[in-house]
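In order, the protein sequences belong to chains V and H. Going from the first sequence to my numbering is simple: count from 1 and add 4. Going from the second sequence to my numbering is simple: count from 1 and add 4. We put the beta carbon where it would ideally sit given N, CA and C, even for glycine. Below: the structure, in structure tokens.
Protein chains: 2
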Amino acid sequence: MNKTKKRSDCPVSCSLDIWGDRWSLLIIRDLMFAKECTYGDFLKAPERIATNILASRLQALEENKIIEKLEHPESKAKVLYRLTKKGIDLLPIMIEINLWAEKYFSIPEDRKAMLKQVKKDKAGFIKAATKELQSFR
Amino acid sequence: MNKTKKRSDCPVSCSLDIWGDRWSLLIIRDLMFAKECTYGDFLKAPERIATNILASRLQALEENKIIEKLEHPESKAKVLYRLTKKGIDLLPIMIEINLWAEKYFSIPEDRKAMLKQVKKDKAGFIKAATKELQSFR
DNA sequence: AATTTTACTTGCAATTTGCAAGTACAAATA
DNA sequence: TATTTGTACTTGCAAATTGCAAGTAAAATT
């Protein structure tokens with residue numbers, strides 16, 4: 005989001021200072037599902053983020069070591085983004101958000117199917133998904 | 005946050021539409037710790053929320069059934085806010101945020117002590133804390 | 001060589017934030 | 001009873017952020 009404005013020492017506040025806006029977690033969501041995304045991939049998300057906002061969020065997330073850039077293996081015109089370990093560690097938060105939302109909204113079927121797996125063995129799911137994300141690093 | 009602007013059917017997006025800003029989760033945090041807060045209590049938080057922002061967030065959270073108002077037992081001049089069940093159910097998200105932050109920031113000692121309890125038995129902690137919050141309803 | 005793709009940047013209007021001050025009602029105090 | 005204080009907001013306004021549309025530059029394709 006913004007650079008180095010720490011509002012307090014509260015862990016919640018510190019976290020929100022980094023990804024507590026309407027867009028950052030959606031970028032992180034996309035990376036958790038797709039593992040690697042280009043700039044254009046993010047723009048395809050249904051929420052329709054504006055290009056300037058996307059650029060500013062990607063920069064802030066990179067500065068905060070949540071994501072990192074890497075070369076696209078097939079093209080110099082493309083940039084690949086992926087999660088760092090710090091970003092991958094947001095997975096439990098992302099899962100709990102999905103579980104909460106499932107309880108209070110109607111959500112897409114494919115997401116429900118995923119959450120069914122989660123509820124069977126949450127720790128196991130997180131471990132496996134983390135490992136999968138790590139394998140791209 | 006804002007009224008009824010649903011950006012997509014994604015559960016993450018729907019959630020952020022409600023509490024995905026820099027302040028809402030801090031209000032919810034205060035209510036999770038204190039159980040019941042007055043307007044003035046929220047203003048005492050170290051992040052120093054502006055009075056107009058606080059009023060607008062409280063209204064939005066109430067409209068979205070995350071919090072509710074009740075009469076103060078001792079004074080008609082005061083208003084008490086507390087979490088609804090929907091708000092209490094955000095507890096697992098709040099805990100995961102704290103756990104993530106502990107890993108990447110230095111956080112206050114008392115919060116560390118709480119997280120020590122969490123790590124001993126996460127499900128048990130959430131159950132007990134939820135029950136405790138429910139007891140105020 | 002010309003066109004298209006990709007990742008941005010820029011300009012600008014609209015919205016939101018943040019600060020300071022003000023208001024209205026209740027409660028405490030003189 | 002009159003006055004002051006406390007509590008929960010609202011209002012006004014400047015500054016920052018957002019969102020839309022258009023533009024740019026380098027790389028890839030035709």
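- Secondary structure of V/Leu94 (DSSP, three-state): coil.
- In the structure shown, H/Lys73 falls within a strand segment according to DSSP collapsed to helix, strand and coil.
- Here DSSP, grouped into helix, strand and coil, assigns H/Arg33 to helix.
- At a cut-off of 9 Å between beta carbons, H/Ala64 makes no contact with chain V.
- Distance from the CA atom of V/Tyr43 to the CA atom of V/Ser17, rounded to whole angstroms, is 28 Å.
- Taken atom to atom, the span from the alpha-carbon of H/Lys126 to that of H/Ala132 is near 10 Å.
- Counting only the Cα atoms, V/Leu29 lies some 11 Å from H/Asp25.
- Cβ atoms of V/Lys39 and V/Asp21 stay farther apart than 8 Å, at about 26 Å.
- Close to H/Lys124, with beta-carbon spacing below 9 Å, lies no residue of chain V; the smallest spacing is near 14 Å.
- Taking a beta-carbon distance threshold of 9 Å, V/Cys18 counts as an interface residue toward chain H.
- Close to V/Cys41, with beta-carbon spacing below 8 Å, lies no residue of chain H; the smallest spacing is near 15 Å.
- Residues of the same chain with a CB within less than 8 Å of the CB of V/Gly128, apart from the 5 flanking positions on each side, do not exist.
- H/Glu40 carries a strand assignment under DSSP once its states are collapsed to helix, strand and coil.
- Exposed is the label assigned to H/Pro50, since fewer than 16 other Cβ atoms lie within 10 Å of its Cβ.
- Of the candidates V/Asn56, V/Asn68, V/Leu103, the residue whose Cα lies closest to the Cα of H/Leu94 is V/Leu103.
- In chain order, Leu95, Pro96, Ile99 place their CB closer than 7 Å to the CB of H/Ile130, counting only its own chain and leaving out the 5 sequence neighbours on each side.
- The C-beta of V/Lys107 comes closer than 9 Å to at least one C-beta of chain H.
- Scanning V/Lys135, V/Leu87, V/Ile32, V/Arg61 for the CA closest to the CA of V/Lys73 turns up V/Leu87.
- For H/Leu29, the residues of chain V that pass the 8 Å Cβ criterion are Val16, Leu20, Gly24, in the order they occur in the chain.
- In the three-state reduction of the DSSP assignment, V/Arg86 falls in the strand class, which pools E and B.
- From the beta-carbon of V/Lys90, the residues of chain H found nearer than 7 Å are Tyr108.
- Between the alpha carbons of H/Phe46 and H/Ser12 lies a gap of roughly 31 Å.
- Neighbours of V/Ser12 in chain H, taken as residues at a C-beta separation under 7 Å, are given in chain order as Pro50, Glu51.
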